[in-house]
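Position 202, counted from 1, in the sequence shown is what numbering that gives the first Met the number 0 calls 201; the numbers after and before it change by one each time, with no gaps. Quick reminder that beta carbons are idealized off the backbone N, C-alpha and C, glycines included.
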Amino acid sequence: MILVVIFYSGNILVGKAINELPPFTIAFFRLLIAFMIVLPIAWKKTWINRGVFFEYKWPFLWMTLAGVTFFNTFIYGSLQFTTSSNVAVLETIIPALTVILSAFVLKERLLNVQWFGVILSVMGAIWVVVDGRLFQLASMDWNIGDGIMIGAIISWSVYSILVKMYMYRFPPFAALFVMTGISLLVLLPFVVGEWLIFGVPELFQTDLITGLLYLGIFPSFVALILFNRAVDKLGASQSSVFLNLLPVFTMIGAYVWLGEEITTMHITGTAIVILGVTLTTQGGKFIKRKNTETT
Numbered sequence: 000m001i002l003v004v005i006f007y008s009g010n011i012l013v014g015k016a017i018n019e020l021p022p023f024t025i026a027f028f029r030l031l032i033a034f035m036i037v038l039p040i041a042w043k044k045t046w047i048n049r050g051v052f053f054e055y056k057w058p059f060l061w062m063t064l065a066g067v068t069f070f071n072t073f074i075y076g077s078l079q080f081t082t083s084s085n086v087a088v089l090e091t092i093i094p095a096l097t098v099i100l101s102a103f104v105l106k107e108r109l110l111n112v113q114w115f116g117v118i119l120s121v122m123g124a125i126w127v128v129v130d131g132r133l134f135q136l137a138s139m140d141w142n143i144g145d146g147i148m149i150g151a152i153i154s155w156s157v158y159s160i161l162v163k164m165y166m167y168r169f170p171p172f173a174a175l176f177v178m179t180g181i182s183l184l185v186l187l188p189f190v191v192g193e194w195l196i197f198g199v200p201e202l203f204q205t206d207l208i209t210g211l212l213y214l215g216i217f218p219s220f221v222a223l224i225l226f227n228r229a230v231d232k233l234g235a236s237q238s239s240v241f242l243n244l245l246p247v248f249t250m251i252g253a254y255v256w257l258g259e260e261i262t263t264m265h266i267t268g269t270a271i272v273i274l275g276v277t278l279t280t281q282g283g284k285f286i287k288r289k290n291t292e293t294t
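Listed below in structure tokens is the structure:
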């Protein structure tokens, strides 16, 4: 999950850097690259397991639309109007929403210390983004891009739940292959519409090609495989809490590549986020181990 967060922070930074391209175009070409990578690896496995895909076609379709087709499309759309910092702070809502959905849908139970970890990590992530001005959050310059991010928040939370419920039934690479294929078909008419309205973008520029290659290889392929594996091992709630580290890595990336300053508030917030993530993922195990030793 640490690697997933690193790749997803790069997704935000690169998505912001190439936002001269319209959002559906970015989403389509990143998935096209991922599709070409996974095609030679997964097509045989997909054909062998085609019965499973047909049997669970509807949950698989909803899982695809939520996590692969529209999640990043919402992010790229929001980055057209808002800052990468605002996107990062809004993504910290995902773990809390995932925990709530998991409690209702998956009947997952978290101990009080784990709930405290969720809250602490959210507060720490917000602290990082607003540079310690926690009580001025309502006065931030929110705009339509922040509203678009609500779609991304809901999409990934739903995806996390569906992954826990159904992903174990599908071979990982085959699932990614089918997901990217379906997403390309869904996104194609939107891309055509974008080009008809805004004109065909000049894709053959070094920075755009490099950015799209990064998006297609790491967030679209490697990170998704790792995330699905993490959800299987940790559960939807605990895996999603790691996304609270996203603002931290985004800030570090902005410092390294954009020359932005890291303040004491950033360091403080980072420590709070890491503590919150640790409590959520390890707190329950620690208490259960102590109870076992006492017994």
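Which residues in the same chain as residue i place their Cβ atom closer than 8 Å to its Cβ, once the five residues preceding and following it in sequence are excluded?
| i | result |
| --- | --- |
| alanine 270 | Gly123 |
| asparagine 48 | Phe169, Pro170, Ala173 |
Using the Cα positions of residue i and residue j, report the straight-line distance between them to the nearest angstrom.
| i | j | result |
| --- | --- | --- |
| phenylalanine 52 | phenylalanine 59 | 7 Å |
| leucine 96 | serine 156 | 6 Å |
| threonine 179 | isoleucine 17 | 21 Å |
| tryptophan 57 | tyrosine 254 | 43 Å |
| leucine 214 | leucine 274 | 30 Å |
| phenylalanine 28 | leucine 278 | 38 Å |
| phenylalanine 6 | valine 117 | 22 Å |
| leucine 119 | glycine 14 | 28 Å |
| glutamate 260 | serine 83 | 15 Å |
| glycine 258 | lysine 232 | 37 Å |
So is residue i buried or exposed if we call it buried at 16+ other beta carbons inside 10 Å?
| i | result |
| --- | --- |
| glycine 50 | exposed |
| tryptophan 256 | exposed |
| phenylalanine 263 | With the sequence shown as reference, residue 263 is identified as threonine, and phenylalanine is not the correct amino acid for it. Flag for threonine 263 reads exposed. |
| lysine 163 | buried |
| valine 4 | buried |
| tryptophan 126 | buried |
| leucine 186 | buried |
| isoleucine 36 | buried |
| isoleucine 92 | buried |
| asparagine 111 | exposed |
Could you check what DSSP says for residue i in three-state terms: helix, strand or coil?
| i | result |
| --- | --- |
| glutamine 357 | Residue 357 falls outside the range modelled here, since the chain spans only 0 to 294, and no answer is possible. |
| leucine 89 | helix |
| asparagine 111 | helix |
| isoleucine 118 | helix |
| glutamate 193 | helix |
| phenylalanine 59 | helix |
| proline 21 | coil |
| lysine 44 | helix |
| phenylalanine 69 | coil |
| threonine 262 | coil |
Kindly indicate which residue of the options has the alpha-carbon position closest to the one of residue i.
| i | options | result |
| --- | --- | --- |
| glycine 146 | Ile1, Ser239, Asn85 | Asn85 |
| alanine 151 | Lys163, Val272, Ile47, Gly66 | Gly66 |
| isoleucine 99 | Ile160, Tyr75, Thr68, Trp126 | Ile160 |
| glutamate 19 | Val37, Leu202, Ser219, Phe220 | Leu202 |
| isoleucine 25 | Ser182, Thr45, Arg228 | Ser182 |
| valine 190 | Asp231, Ile1, Leu223, Leu30 | Leu30 |
| proline 246 | Phe28, Trp61, Leu89, Tyr55 | Leu89 |
| proline 22 | Gln237, Phe248, Met148, Lys232 | Met148 |
| tyrosine 75 | Leu225, Leu211, Gly268 | Leu211 |
With a cut-off of 8 Å, does the C-beta of residue i fall near any C-beta of chain B?
| i | result |
| --- | --- |
| aspartate 231 | Although the question refers to chain B, the structure presented lacks it and comprises just one protein chain. |
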